[in-house]
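Novice:
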Amino acid sequence: MDFSSHKSLLIIIFGVLGLFSFTVEAATKKYQFDIQEKNVSRLCHAKPIVTVNGRFPGPTIYVREGDRVQVNVTNHAKYNMSIHWHGIKQYRNGWADGPAYITQCPIQTGISYTYDFNVTGQRGTLWWHAHILWLRATVYGAIVIMPKPGIPFPFPQPAREFEILLGEWWHNDVEAVETQGNQMGLPPNMSDAHTINGKPGPLFPCSEKHTYAMEVEQGKTYLLRIINAALDDELFFAIAGHNLTVVEVDAVYTKPFTTQTILIGPGQTTNVLVKANQVAGRYFMATRTFMDAPIPVDNKSATAIFQYKGIPNTVLPFLPSLPAANDTPFALSYNNKIRSLNSPQYPANVPLEVDRNLFYTIGLARNSCPTCVNGTRLLASLNNVSFVMPQTALLQAHYFNIKGVYRTDFPDKPSTTFNYTGAPLTANLGTLTGTRISKVPFNSTVELVLQDTNLLTVESHPFHLHGYNYFVVGTGIGNFDPSKDPAKYNLVDPIERNTVGVPTGGWTAIRFRADNPGVWFMHCHLELHTGWGLKTAFLVEDGPGQDQSVVPPPKDLPTC
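For the sequence shown, the positions run -26 to -1, 1 to 534 when mature numbering (1 follows the signal peptide of the UniProt record, and there is no 0) is used.
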């Protein structure tokens, strides 16, 4: 069932229902996702891409907090497939989480699998995407979770809502681009364009008709649900002449603050209010890469149009002024402004005591590769361990006690201590490879410090933890100092997220309570780095209570 064509009607109905306070049983929302190839033309060039239901981006999932969701995925494409419901906590139900070979075997061609999960204690904007190979380049869409009936937003009610999905586009087949890079041992070719709702905008050739436009009315306020679905780029986003008021990130309400530009990492979502209070006209929305390390990126701007009602299409739009591509001070200042709402209704329950302290270094390395162009291949690692994907899904191996699939000896800290963010280090520290994860007792509290290093180069890394939100209690530039930096932590209203950026040449500290049993993937959300091994997982043990263990797997769970 696809509700996208009824989007406006649904929002109106939700708004009317919200005027009344009454008890409503949770609904079951059912969707059919057909994975199929479709020829799509962009930048004067047509190519087949993998889609859901022939749409790019894919359909939006509309639910309410408390609803049950059932999405039957049938794979008609030539690639194996899995779908991740990014940010849905999936309590005790990792079987519905979606990362291939972590919680499930992939859905093979001709096979169907139903993702069946509850949306509990969450409301806001999340998203779904393919979680195998680089297929999420075109297989992605929004998840809109409305509050329960009678519960208003903790900010002014908007006149209307729009989903804004930021992405990337390659001329060539994305899987061929990835394969070529792996064979050469080098980073694959960067994207040829960025997109807004699948369209690059009129600044690109043959793209006048491939431009997204939203119509607004003078004096009204709109809610934009912005999602960074790009594979490898942190992105700026702005609307010419208009301020944006940030009210939510990663489906967590924030203390509102106003900015001309937002910064959003791959995997993150940001909800903003924008008031149509300027001279009636046409204004460009624009997005472009942020990169403050010496790494080549696609720095071309994608554009869409914010158009006032009654203004003809012949009026030329105004362009916004985005920060410089390497504007580190803006990035640090912007992220520092994001704080949890921390109200009585939406408290920030930060763990104040820590049972387990973890310190993970992020590194790049070159390992020997006789068949590669330069005789080496790039690897990425945490604590000098580059993760090797198993052939049996980790959660299945854990649940059914299958031996030899993984080891639970991932190191809590790096074996070698050095000046992590000092002069560039080209030496190979002897990067290890293996399927190594960390075992964590149920309900224990964890603090994890993620430390960028200058092994080959420093770079910003957006880290996503499946199955959990966490509190970002601290961040800084340079080396983390365990004797001084914890005293500066924000333990009052830190932002709660599922994906956080580790700053270039810096560190980020997060805390969470391990109250969701199962095996949960943690990885850099730059697809390039994930493929190089910048990932691991947490095995959270079952608790002693009746509802504190992993639920049994569904009968149609795919097999490897």
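Even for Gly, the Cβ is constructed at its ideal location relative to N, Cα and C.
Quick one: is Val524 buried, meaning 16 or more other Cβ sit within 10 Å of its Cβ, or exposed?
Specialist: Buried, because 16 or more other Cβ atoms sit within 10 Å of the Cβ of Val524.
Novice: Is the separation between the beta-carbon of Gln242 and that of Thr473 shorter than 9 Å?
Specialist: Contact: yes.
Novice: Tell me the start and end of each unbroken alpha helix (DSSP H) in the stretch 450 to 509 that is at least 4 residues and wholly inside, in chain order.
Specialist: Taking only runs of at least 4 residues, the alpha helix (DSSP H) segments lying wholly in the stretch 450 to 509 are 501 to 506.
Novice: Among residues of its own chain, excluding the 5 on either side of Glu421, which ones have a beta-carbon nearer than 6 Å to its beta-carbon?
Specialist: Closer than 6 Å at Cβ, skipping near neighbours: Val328, Asn331 and Arg485.
Novice: If Phe91 and Val43 are in contact, beta carbons under 8 Å, what's the gap, nearest whole angstrom?
Specialist: Rounded, the Cβ-Cβ distance is 6 Å, consistent with contact.
Novice: Tell me which same chain residues have a C-beta within less than 8 Å of the C-beta of Leu160, skipping the five on either side of it?
Specialist: Counting only Cβ-Cβ distances below 8 Å, and skipping sequence neighbours, we find Cys346, Val347, Asn348 and Leu352.
Novice: Span of the beta strand (DSSP E) holding Ala354?
Specialist: Element bounds for Ala354: Thr350 to Leu356.
Novice: CB-CB under 8 Å to Glu149, same chain, minus the five flanking residues each way: which ones, in chain order?
Specialist: Result list for Glu149: Tyr53, Leu107, Trp108 and Leu109, in chain order.
Novice: Just how far apart, CA to CA, sit Phe(-5) and His105?
Specialist: Note that Phe(-5) scores 38 on pLDDT, short of 50, meaning its location in the model is unreliable; the coordinates nonetheless yield the value given after this. Each residue's Cα considered, the two are about 39 Å apart.
Novice: By alpha-carbon positions, which one of His184, Asn358, Arg97 and Lys194 ends up nearest to Leu424?
Specialist: Among His184, Asn358, Arg97 and Lys194, the Cα nearest to that of Leu424 belongs to Asn358.
Novice: For Phe292, tell me which candidate among Leu306, Val253 and Pro268 has the shortest Cα-Cα distance.
Specialist: Ranking Leu306, Val253 and Pro268 by Cα distance to Phe292 puts Val253 first.
Novice: Do you know offhand how far Pro460's Cα is from Thr482's?
Specialist: Taking the straight line from one Cα to the other gives about 11 Å.
Novice: Could you check whether the Cβ of Gln82 sits closer than 9 Å to any Cβ belonging to chain C?
Specialist: Among the chains in the structure shown there is no chain C, since it carries only a single protein chain.
Novice: Between which two residues does the beta strand (DSSP E) harbouring Glu149 extend?
Specialist: Unbroken run through Glu149 is the alpha helix (DSSP H), Val148 to Met158; no beta strand (DSSP E).
Novice: Checking 9 Å against the spacing of the C-beta atoms, do Glu501 and Asp206 come in under that value?
Specialist: Yes; because the gap between Cβ atoms is below 9 Å, this pair is in contact.
Novice: Are Gly239 and Ser434 close, meaning C-beta to C-beta below 9 Å?
Specialist: Contact: yes.
Novice: Which full runs of the beta strand (DSSP E) of 3+ residues lie inside the stretch 270 to 319, going along the chain?
Specialist: The qualifying runs are 276 to 282.
Novice: Helix, strand or coil, according to DSSP, for Gln425 in the structure here?
Specialist: Correct three-state label for Gln425: strand.
Novice: Distance, Cα to Cα, Met55 vs Lys462?
Specialist: Looking at the two C-alpha atoms, the distance is approximately 44 Å.
Novice: Kindly indicate the opening and closing residues of the alpha helix (DSSP H) around Ala371.
Specialist: First-last of the alpha helix (DSSP H) with Ala371: Leu368 to Tyr373.
Novice: Please report how far the alpha carbon of Pro436 lies from the alpha carbon of Ser165, in whole angstroms.
Specialist: Going by the C-alpha atoms only, they are around 19 Å apart.
Novice: Helix, strand or coil for Trp108? Go by DSSP, reduced to three states.
Specialist: The answer is coil: DSSP assigns Trp108 none of H, G, I, E or B.
Novice: Output the distance between the C-alpha atoms of Ile23 and Glu11, rounded to the nearest integer angstrom.
Specialist: Taking the straight line joining both Cα atoms gives about 5 Å.
Novice: Could you check what DSSP says for Trp144 in three-state terms: helix, strand or coil?
Specialist: Residue state, collapsed to three classes: coil.
Novice: So for Ala267, helix, strand or coil by DSSP?
Specialist: Of the three classes helix, strand and coil, the one that applies to Ala267 here is coil, per DSSP.
Novice: Would you mind listing the beta strand (DSSP E) stretches within the stretch 210 to 254 that are 3+ residues and don't spill past its ends, in chain order?
Specialist: Within the stretch 210 to 254, the complete beta strand (DSSP E) runs of at least 3 residues are 218 to 223, 226 to 233, 235 to 238 and 243 to 249.
Novice: Quick one: give me the first and last residue of the beta strand (DSSP E) that Lys173 is part of.
Specialist: Where Lys173 is concerned, there is no enclosing beta strand (DSSP E), given that its DSSP letter is neither H nor E.
Novice: Can you grab the Cα-Cα spacing for the pair Gly452 / Thr395, in whole Å?
Specialist: Each residue's alpha carbon lies about 6 Å from the other.
Novice: Taking the straight line between their C-alpha atoms, what separation do you get for Thr335 and Ala111?
Specialist: If you take the alpha carbons of Thr335 and Ala111, they lie about 28 Å apart.
Novice: With a CB to CB cut of under 7 Å and the five nearest residues on each side skipped, what residues in its chain are close to Val(-11)?
Specialist: In this prediction, Val(-11) has a pLDDT of 37, which is less than 50 and means its spatial position is unreliable; nothing more can be read from the coordinates.
Novice: Mark Val289 as exposed unless 16 or more other C-beta atoms lie within 10 angstroms of its C-beta, in which case mark it buried.
Specialist: Burial call: exposed.
Novice: To the nearest angstrom, how far is the alpha carbon of Asn309 from that of Val118?
Specialist: Between Asn309 and Val118, the C-alpha separation is close to 23 Å.
Novice: Assuming Ser389 is part of the beta strand (DSSP E), what are its boundary residues?
Specialist: First-last for Ser389: undefined, no H or E at that position.
Novice: Helix, strand or coil: which one does DSSP assign to residue 612?
Specialist: No information on residue 612 is available, as it lies outside the stretch -26 to 534 that the chain covers here.
Novice: Quick check on Ser(-6): does DSSP put it in helix, strand or coil?
Specialist: Note that Ser(-6) scores a pLDDT of 34, beneath 50, so its modelled location is shaky; the value from the coordinates is reported in the next line. Note: Ser(-6) maps to coil in three-state DSSP.
Novice: By Cβ distance below 7 Å, which residues in the same chain neighbour Val271 in space, the five residues on each side in sequence not counted?
Specialist: Excluding sequence neighbours, Val271 sits near Met164, Asp207, Thr263 and Met265.
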